[in-house]
Amino acid sequence: MLNMNENYLVFSGGNVPIAIVAKIMKKDKHFVRIGIQEKWLPIGVAYKNKNSNEFSYYVSPKKLYEYTGYVYSE
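Quick note on numbering: UniProt numbering labels position 25 of the sequence shown as 25, and the sequence is numbered without any gaps.
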């Protein structure tokens, strides 16, 4: 949950869904996933699951705000 005050923002540690990030950035979900995997989109991390070719993603609400100016609240 996001708490707003006159002087600062407080972000939860919750995850921002990839679909929401794509919509905010006006890009497709694949663009966001590749950007996080390749580390040229500095808003979160991608973790490659062992014994699989699939990735799990975490997008930080704070890093998303710093990069785009968008305040995400759950």
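Beta carbons are placed, not taken as given, at the ideal position from N, Cα and C, and that holds for glycine.
N-terminal and C-terminal residue of the alpha helix (DSSP H) that residue i is part of
i	result
E66	P61 to T68
Supposed contact pair residue j and residue i - C-beta distance, whole angstroms, cut 8 angstroms
i	j	result
L64	I34	The Cβ separation is near 17 angstroms, so there is no contact.
I20	Y72	7 angstroms
Worksheet entry | alpha helix (DSSP H) segments (min. 4 residues) lying fully within the region 7-59 | 18-25 and 29-38
Worksheet item: Do the region 22-32 and the region 46-56 touch if we need at least three Cβ pairs shorter than 8 angstroms?
Response: no
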